[in-house]
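Have a look at the structure below before the remarks.
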Amino acid sequence: MANITNIQESEYEAILRQAVAVIDRTRTMVATTICSAIGSAHWEIGKLLHDRKLESKHGSGVVNRLSYDLKQRYPQMGLSPRNLWDMKKFYERFCDSEPKLRQTVAVLPWGHTLTLMRKFGADDSSISYYAQETLSKGWNRELLSSAITLKMHLKKSESLDNNFEQTLPATQAMFANEVFKSGYNLGFLGVKDPILETELETRLVEKVKHFLLELGKGFTYLGNQYVLEYNGKRSKVDMLFFHRGLHCLVAIDLKIGEFKPEYAGKMNYYLSLLDRLERREDENRSIGIILCAEKDRVEVELALEDMGKPIGVADYQLIVPQEELKKVVADEMEAFGKELPLRTEAEEE
Numbered sequence: 234m235a236n237i238t239n240i241q242e243s244e245y246e247a248i249l250r251q252a253v254a255v256i257d258r259t260r261t262m263v264a265t266t267i268c269s270a271i272g273s274a275h276w277e278i279g280k281l282l283h284d285r286k287l288e289s290k291h292g293s294g295v296v297n298r299l300s301y302d303l304k305q306r307y308p309q310m311g312l313s314p315r316n317l318w319d320m321k322k323f324y325e326r327f328c329d330s331e332p333k334l335r336q337t338v339a340v341l342p343w344g345h346t347l348t349l350m351r352k353f354g355a356d357d358s359s360i361s362y363y364a365q366e367t368l369s370k371g372w373n374r375e376l377l378s379s380a381i382t383l384k385m386h387l388k389k390s391e392s393l394d395n396n397f398e399q400t401l402p403a404t405q406a407m408f409a410n411e412v413f414k415s416g417y418n419l420g421f422l423g424v425k426d427p428i429l430e431t432e433l434e435t436r437l438v439e440k441v442k443h444f445l446l447e448l449g450k451g452f453t454y455l456g457n458q459y460v461l462e463y464n465g466k467r468s469k470v471d472m473l474f475f476h477r478g479l480h481c482l483v484a485i486d487l488k489i490g491e492f493k494p495e496y497a498g499k500m501n502y503y504l505s506l507l508d509r510l511e512r513r514e515d516e517n518r519s520i521g522i523i524l525c526a527e528k529d530r531v532e533v534e535l536a537l538e539d540m541g542k543p544i545g546v547a548d549y550q551l552i553v554p555q556e557e558l559k560k561v562v563a564d565e566m567e568a569f570g571k572e573l574p575l576r577t578e579a580e581e582e
């Protein structure tokens with residue numbers, strides 16, 4: 234700048250360097266702390282309204298004015314009267330909850346927290362389940378709503394049908410049971426009619442990012458129809474992944490119908506090929522997951538009983554049941570209708 238002396242310029246450069254250092258140091262922290270900071274603000278405002286004993290019947294004038302004044306200072310923070318009342322409900326809902334639950338919901342996006350409060354009320358167990366799943370799998374609100382619709386919390390105690398304890402070291406088996414689930418929600422594929430296995434695979438590949446979110450953290454996609462050549466023959470694994478935590482290859486075999494015992498033998502063969510051809514010396518044994526539309530637990534147990542490779546069998550759901558879907562749509566329309574007056578009010582301002 235023309236009107237800056239050499240000394241002023243050097244001072245400015247020092248200030249600039251310090252500012253850049255601060256920004257660079259904190260940018261990586263923003264993504265993980267912003268929700269926590271916003272949650273803390275919502276908690277404190279909710280506590281303030283609670284301590285002042287403001288209720289919707291007698292305190293609406295105060296809250297409306299507070300909303301107006303706050304929005305003048307912080308127009309982008311979503312400080313509508315309804316949101317302020319929701320903050321009060323947020324504080325009152327969790328102020329007496331277990332510290333672990335409070336800490337979990339505090340770092341959720343605000344829309345996720347409101348969804349859980351409205352869906353589950355005083356049910357700490359269900360809220361805790363979906364909050365932890367959201368954080369571990371990075372669910373957006375659409376995926377969270379889909380999981381709630383499918384009542385995934387009722388399936389959380391179901392273990393994956395597998396032979397991990399018989400084929401893996403104890404610690405590895407325990408970790409594998411935590412990583413893999415008994416059922417998966419593939420509703421994001423948008424399937425409305427019966428499809429072939431090849432089409433199911435194609436759709437999963439096209440939306441592999443969604444599939445990775447459903448599988449959970451730690452998975453890296455390596456490819457589909459992964460070719461294994463041995464003894465003059467070619468075999469193909471439907472989908473191949475690597476799990477960082479388990480430090481092993483994970484083969485997934487897709488089936489559109491119910492589980493059949495012969496699927497286990499085929500997967501056992503694939504895993505033998507993977508361990509012989511692809512597995513590195515520092516990696517653990519490859520794991521196979523057979524993903525079917527349906528499974529009979531007794532049949533699965535018998536089929537896996539004498540298999541030497543670690544194999545699990547899980548089922549999947551492609552379509553949200555019609556009755557549940559109608560209810561979700563109705564609930565969302567009702568919620569949308571309630572928000573309209575606030576949006577109109579904001580536009581008028």
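The sequence shown runs 234 to 582 under my numbering.
Ideal Cβ placement from N, Cα and C applies to all residues, glycine included.
The model shown is predicted, which means the values in this text are computed figures rather than measured ones.
Out of Lys488, Gly354, Leu506, which has the shortest C-alpha to C-alpha gap to Gly465?
-> Leu506
In three-state terms, what does DSSP make of His345?
-> helix
Do you know whose CA, among Glu495, Leu487, Met320, Gly451, lies nearest Gly371's CA?
-> Gly451
Could you check if Leu473 is buried or exposed, using at least 16 other CB atoms within 10 Å of its CB as the buried criterion?
-> buried
With DSSP as the reference, label Glu432 as helix, strand or coil.
-> helix
Look up Thr453 in the DSSP assignment and give the residues it is bridged to.
-> Phe475
If we call anything under 9 Å between Cβ atoms a contact, is Leu504 one with Ile485?
-> no
With DSSP run on the structure shown, which of helix, strand or coil describes Ile183?
-> The requested residue 183 does not occur in the structure, where the chain is confined to residues 234 to 582.
Identify the residues that DSSP records as bridge partners of Tyr417: which are they?
-> Tyr549
So Leu524 is in the alpha helix (DSSP H); what residue range does that whole segment cover?
-> Here Leu524 belongs to no alpha helix (DSSP H); instead the beta strand (DSSP E) covers 520-525.
State yes or no: is the C-beta of Ala339 within less than 9 Å of the C-beta of Ser273?
-> yes
Ser369 and His386: beta carbons closer than 9 Å?
-> no
C-alpha distance - Leu419 paired with Ile271, whole-angstrom precision | 32 Å
Tell me which same chain residues have a C-beta within less than 6 Å of the C-beta of Ala536, skipping the five on either side of it?
-> Pro494, Ala497
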